[in-house]
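Peer 1: Protein sequence lines correspond, in order, to chains A and B. So for the first sequence, the numbering used here puts the first residue at -4; every next one is plus one. So for the second sequence, the numbering used here puts the first residue at 41; every next one is plus one.
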Amino acid sequence: MELIRTENLSVKRGGREVLKNVNFFLQEREKVFIIGPNGSGKTTFAETLMGFVEFEGGIFFKGKRMEGEEDFYSLRTKVGYVFQNPDDQLFSPTVEEELAFAPMNLGYSRGKVKTLVESALEKFGIRHLRDTPIYKLSGGQKRLVSIAAVMTMNPEGLILDEPTNGLDEENFLMLVDFLRSVEKAVIVITHDKNLIDALDWKKYYLKDGYLTFVK
Amino acid sequence: MNYFEALGKESFLYRLDARVKLVVLLLFAWKIALSSSFGEVLGFAPFAVALLFCLRGDMGQIFRILFAADAFLVFLVISAFIYGNISLGLLLFLKSNEILIISIALLMTSEPFQIFRAFRDFKLPAKLVQLFFLTYRYIYTIYEEYRLMMKSAYCRGFKPKTSLNTYRTYAYILANLLVKSYFRADRIYKAMLCRGFKGEFLVYRESKMKREDYAFAAVSFLVFTMVELWSLSGQKIFL
Ligand SMILES: Nc1ncnc2c1ncn2[C@@H]1O[C@H](COP(=O)(O)OP(=O)(O)OP(=O)(O)O)[C@@H](O)[C@H]1O
Ligand SMILES: [Mg+2]
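Below you can see the structure in the form of C-alpha cells.
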C-alpha cells in the first residue's frame, strides 16, 4: 500500500524554483533517506509534504489528493514531522506536557495518553527528564524529546530532518536502533555519513531541485 | 543565574497547590493593603515571618529582593517624616514588606506554569493565559538568543563604545532578534499544527488538591480570622 506520493511537485521560494517536478513514492513501512547539499531544498520538501508551503502538482496520502487545510490537518497527525531545529518544535512547560500535547489534541482518553507518554519516555531513555522545563534541556536532549513528542501521536509515518544533529555516541546508537526497529514508514533527511552507513536504506538525492533515486 | 527558578524547593510551600497559595495571598494582601491600623498590620506580621521561616530558601536572595524594594520605600518613609507623619510612613513601610514577604513565600515558590494553570482554573480568559504562558516561555529563549549573538560579537572583537559602529552592531542584533522571533513564532505554530493543535491548549497533568493544601488553607484562614477578631475587638496595644 502506498502512503505518500507526489506528482510533478514544484515549489518556488523567494522567486527561485526550489523543487522541480518531483515524483516521489513511499510505501507503508518503507524507509528512505533523502540526502543532498545544503540549500538543495530538503527541508522545503518536508514542509511541502506537511502542507506548509505553496506548491504546484499533486501530493497524495494513501491515494487521496491533498486539496486544502482540512486534508493536511489529518495528514499531519498521521505523519509525524520532526523539525530540523528542536527549538522550533518544543513549546510546552515540561517534557511530560510536551509528550502529552499531541495525544491530548487527538482526543485520546487519559489512560491512553498516559500509556503513550510513559512508553515514549521509556523508549527514548528520558524518564528522568519528565518534569524538566524544556528550556533547561541540552541540545541532544531536546532532539530526543522532539522525536518522542511526535511518536506519542502514534503516526503511520515519520519525517525526520537531520535527526542526528547534536547527539552523542550513545544516543546516536539509540536512534539508529529506534529507526531500524520502528514499524512505520520513515523519511530521514540527513548528511550524516555514519547514519547512512548504519542503515541500509533506499537513498534519494536532491540537487538543483531534482530528486533522483540513488540505490 | 536563572531568573525563572522557583524558590524553596525543599519546603512544603513548594509542594502546595498554586491555587491555594494564590487565594491565601490575595486574601492577606487585600486586607493588609487596605488596613490603616498599626495593630492589625502588626497582627499579620507573625504569619509573614512564619512563612519566611517555612520557605527555608536562600535567605540572601530573599533579602536582596526585599532590599531592592525597600531602597525605594525608604524615600516614601523619609518624605512622610518630612511632612511630620512618621507613623504613616512606618505603616506603609510595614505593610509593603509584609505583602512582599507573603508574595515571595507563596508566589515565588511555584513554578511559573503552575501559576498560569491556576489562572486558567480560576477561569481567566483562556487566550490571556496562553498569552502569558507563551510570553513567559519565549522570553527566556529570546534572551538566550540575544546573549548568543552578543557573545558572537564579543568573540569577534566587539567592544561597546560610544561610536557609530557600536550603535550599528546593537541595531543589527536587535533587528536580528525581531526577525528571528517572528520566524520562530511561525515555525512554532507549524509545530503545533503538526501535532493536532486545534486552538485550545489542553493540560495533561491536572493538579489535584492534597490534604496538605486543605490544611494550609484552613490554618491560613484561621490566622486571618483570629487577627481580624483581635483587631475588631479594639485591643489597641500599639499607639
Ligand atoms: N522561508 C523561506 N523563504 C524563502 N526562501 C527560502 C525559505 N526557506 C528556504 N528558502 C530557500 O529555499 C532553498 C532550500 O532551502 P531548504 O531549507 O529547503 O534547504 P535544505 O536542503 O534543507 O538545506 P540544509 O541542508 O542546509 O538544511 C534555499 O535556497 C533557501 O534559501
Ligand atoms: Mg534543511
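Ideal Cβ positions, reconstructed from N, Cα and C, are used throughout, including at glycine.
Taking DSSP as the reference, what is the three-state secondary structure of A:SER5?
Peer 2: As a first step, residue 5 of chain A must be located in the first sequence, where it is residue number 10. Reduced to three states, the DSSP call for A:SER5 is strand.
Peer 1: Between the C-alpha atoms of B:ALA108 and A:LYS7, what's the straight-line distance to the nearest angstrom?
Peer 2: Here residue 108 of chain B corresponds to residue number 68 of the second sequence, with the count starting at 1. Here residue 7 of chain A corresponds to residue number 12 of the first sequence, with the count starting at 1. Cα-Cα distance, rounded: 56 Å.
Peer 1: Residues of chain B with a CB under 8 Å from the CB of A:ARG138: which are they?
Peer 2: Translated into the one-based positions of the first sequence, residue 138 of chain A becomes position 143. Correct list: empty, because the minimum Cβ distance to chain B is about 14 Å.
Peer 1: Leaving out five residues before and five after A:MET45 in sequence, what residues of the same chain have Cβ atoms less than 8 Å from its Cβ?
Peer 2: As a position in the first sequence, residue 45 of chain A is number 50, starting the count at 1. PHE67, LEU70, ARG71, VAL74, TYR76 and ILE154, listed in sequence order.
Peer 1: Should B:ASP110 be listed as close to ligand 1, given that the test is whether its C-beta is under 8 Å from any heavy atom?
Peer 2: By 1-based counting over the second sequence, the position of residue 110 of chain B is 70. For ligand 1, not one heavy atom lies less than 8 Å from the Cβ of B:ASP110.
Peer 1: Taking DSSP as the reference, what is the three-state secondary structure of A:ASN100?
Peer 2: Within the first sequence, numbered from 1, the residue matching residue 100 of chain A stands at position 105. Helix.
Peer 1: Kindly indicate if chain A contains any beta-carbon less than 9 Å away from that of B:MET232.
Peer 2: In the second sequence, residue 232 of chain B corresponds to position 192, counting from 1. Judged by the 9 Å Cβ criterion, B:MET232 is in contact with chain A.
Peer 1: Since A:ARG0 sits in a beta bridge, which residues does DSSP pair it with?
Peer 2: What you label residue 0 of chain A is simply residue 5 of the first sequence in a count that begins at 1. Per DSSP, A:PHE20 and A:PHE55.
Peer 1: Whole angstroms is fine: what's the gap from A:ASN189's alpha carbon to B:LYS167's?
Peer 2: For this step, residue 189 of chain A is matched to residue 194 along the first sequence. For this step, residue 167 of chain B is matched to residue 127 along the second sequence. Taking the straight line joining both Cα atoms gives about 45 Å.
Peer 1: Please state whether DSSP places A:ASP126 in a helix, a strand or coil.
Peer 2: Indexing the first sequence from 1 puts residue 126 of chain A at position 131. A:ASP126: coil per DSSP, three-state reduction.
Peer 1: Per DSSP, which one or two residues make a beta bridge with A:LYS202?
Peer 2: Reading the first sequence from its first residue, position 207 is the one you call residue 202 of chain A. Paired residue(s): A:TYR205.
Peer 1: Can you pull out the residues from the stretch 217 to 250 of chain B whose beta carbon lies closer than 8 Å to at least one beta carbon of chain A?
Peer 2: Under the 8 Å Cβ criterion, the stretch 217 to 250 of chain B contributes ARG224, ARG227, ILE228, LYS230, ALA231, MET232, LEU233, CYS234, ARG235, GLY236, PHE237, LYS238, LEU242, VAL243, TYR244 and ARG245.
Peer 1: Find the residues of chain A that neighbour B:TYR180, judging by a C-beta separation of less than 8 Å, and give them in chain order.
Peer 2: Taking the first residue of the second sequence as 1, we reach residue 180 of chain B at position 140. Per Cβ cutoff of 8 Å: TYR130.
Peer 1: Return the residues of the stretch 26 to 56 of chain A that lie within a Cβ-Cβ distance of less than 7 Å from chain B, sorted by chain order.
Peer 2: Against chain B - using a Cβ distance shorter than 7 Å - the residues of the stretch 26 to 56 of chain A are MET45 and PHE47.
Peer 1: Between B:GLY97 and the rest of its own chain, which residues show a CB-CB distance below 6 Å, the 5 nearest in sequence each way excluded?
Peer 2: Here residue 97 of chain B is taken as the residue at index 57 of the second sequence, counted from 1. Cβ neighbours of B:GLY97 beyond the five flanking positions: LEU47 and GLY48.
Peer 1: Roughly how far, in whole angstroms, is the beta-carbon of A:GLY156 from the beta-carbon of A:THR38, given that I think they are within contact range, below 8 Å?
Peer 2: As a position in the first sequence, residue 156 of chain A is number 161, starting the count at 1. As a position in the first sequence, residue 38 of chain A is number 43, starting the count at 1. Per the sequence presented here, residue 156 of chain A reads as Asp, with Gly not at that position. Contact flag correct, Cβ pair sits at about 6 Å.
Peer 1: Please report how far the alpha carbon of B:ILE228 lies from the alpha carbon of B:PHE112, in whole angstroms.
Peer 2: Here the question's residue 228 of chain B lines up with position 188 in the second sequence. Here the question's residue 112 of chain B lines up with position 72 in the second sequence. About 40 Å.
Peer 1: Would you check if there are 3 or more beta carbon pairs closer than 8 Å linking the stretch 192 to 201 of chain B to the stretch 58 to 66 of chain A?
Peer 2: Contact between the stretch 192 to 201 of chain B and the stretch 58 to 66 of chain A is absent, because fewer than three Cβ pairs lie under 8 Å.
Peer 1: What does the alpha-carbon distance come out to for the pair B:LEU164 and A:ARG24?
Peer 2: Stepping through the second sequence from its first residue, residue 164 of chain B is reached at position 124. Stepping through the first sequence from its first residue, residue 24 of chain A is reached at position 29. Taking the straight line joining both Cα atoms gives about 46 Å.
Peer 1: Where are the alpha helix (DSSP H) runs, 4 residues long or more, that stay fully inside the stretch 155 to 195 of chain A, in chain order?
Peer 2: List check, alpha helix (DSSP H) in window: 164 to 176 and 188 to 193.
Peer 1: Anyone know if the C-beta pair for A:ILE129 and A:LEU85 falls short of 9 Å?
Peer 2: Here residue 129 of chain A refers to the residue found at position 134 of the first sequence. Here residue 85 of chain A refers to the residue found at position 90 of the first sequence. Result yes, Cβ atoms of A:ILE129 and A:LEU85 sit closer than 9 Å.
Peer 1: Following a CB-centred definition, is A:ILE182 positioned closer than 8 Å to any heavy atom of ligand 2?
Peer 2: Along the first sequence, read from residue 1 onward, the residue named residue 182 of chain A stands at position 187. Result no, Cβ not under 8 Å from ligand 2.
Peer 1: According to DSSP, simplified to helix, strand and coil, what is A:ILE29?
Peer 2: If you number the first sequence from 1, residue 29 of chain A lands on position 34. It is a strand residue.
Peer 1: At a Cβ cut of 9 Å, what residues of the stretch 97 to 113 of chain A count as close to chain B, listed as they run along the chain?
Peer 2: So the close ones are ALA97, PRO98, MET99, ASN100, LEU101, GLY102, ARG105, VAL108, LYS109 and VAL112.
Peer 1: By a C-beta neighbour count over all protein chains shown, 10 Å radius and 16 as the cutoff for buried, is B:MET41 buried or exposed?
Peer 2: For the purposes of this step, residue 41 of chain B is identified with residue 1 of the second sequence, where counting begins at 1. Any reading at B:MET41 is ruled out, since the residue's pLDDT is 36, under 50, leaving its predicted position unreliable.
Peer 1: Are B:ARG245 and A:GLU91 close, meaning C-beta to C-beta below 9 Å?
Peer 2: Working through the second sequence from its first residue, we reach residue 245 of chain B at position 205. Working through the first sequence from its first residue, we reach residue 91 of chain A at position 96. Yes. Within cutoff.
Peer 1: Under the assumption that B:LEU92 contacts B:ILE122 (Cβ atoms under 8 Å), give the Cβ distance between them as a whole number of angstroms.
Peer 2: For the purposes of this step, residue 92 of chain B is taken as the residue at position 52 of the second sequence. For the purposes of this step, residue 122 of chain B is taken as the residue at position 82 of the second sequence. Not a contact, Cβ separation roughly 31 Å.
Peer 1: Closer than 7 Å by C-beta to A:GLY58: which residues in its own chain qualify, once you throw out the five before and the five after it? Chain order, please.
Peer 2: Taking the first residue of the first sequence as position 1, residue 58 of chain A is located at position 63. Cβ neighbours of A:GLY58 beyond the five flanking positions: GLU(-3).
Peer 1: Looking at chain B, is there any beta carbon in it that lies within less than 9 Å of the beta carbon of A:ASP82?
Peer 2: As a first step, residue 82 of chain A must be located in the first sequence, where it is residue number 87. Interface residue, yes.
Peer 1: Can you find a heavy atom of ligand 1 that lies under 8 Å from the Cβ of A:ASP156?
Peer 2: Within the first sequence, the letter at position 161 stands for residue 156 of chain A. True, at least one ligand heavy atom lies under 8 Å from that Cβ.
Peer 1: Does the beta-carbon of A:GLN79, which I'm using as the reference point, lie nearer than 8 Å to any heavy atom of ligand 2?
Peer 2: The sequence position of residue 79 of chain A within the first sequence is 84, counting from 1. A:GLN79 Cβ: within cutoff of ligand 2.
Peer 1: If we ignore side chains and look at the alpha-carbon of each, how far apart do B:ALA73 and B:PHE153 end up?
Peer 2: Stepping through the second sequence from its first residue, residue 73 of chain B is reached at position 33. Stepping through the second sequence from its first residue, residue 153 of chain B is reached at position 113. Rounded to whole angstroms, B:ALA73 to B:PHE153 spans 27 Å at the Cα level.
Peer 1: Roughly how many whole angstroms lie between the Cα atoms of A:LEU94 and A:THR147?
Peer 2: Position 99 of the first sequence, counted from the start, is the residue given in the question as residue 94 of chain A. Position 152 of the first sequence, counted from the start, is the residue given in the question as residue 147 of chain A. Roughly 6 Å separates the two Cα atoms.
Peer 1: Any chance the CB of B:LYS220 is under 8 Å from a heavy atom of ligand 1?
Peer 2: Counting from 1 along the second sequence, the entry for residue 220 of chain B is found at position 180. No; taking the cut-off as 8 Å, the Cβ of B:LYS220 has no heavy atom of ligand 1 nearer than that.
Peer 1: Using a Cβ-Cβ distance under 9 Å, would A:GLU65 count as near chain B?
Peer 2: For this step, residue 65 of chain A is matched to residue 70 along the first sequence. Chain B, which has no Cβ nearer than 9 Å to the Cβ of A:GLU65, makes this no.
Peer 1: For A:ARG11, name the three-state secondary structure that DSSP assigns.
Peer 2: As a working note, residue 11 of chain A is residue 16 in the first sequence. Note: A:ARG11 maps to strand in three-state DSSP.
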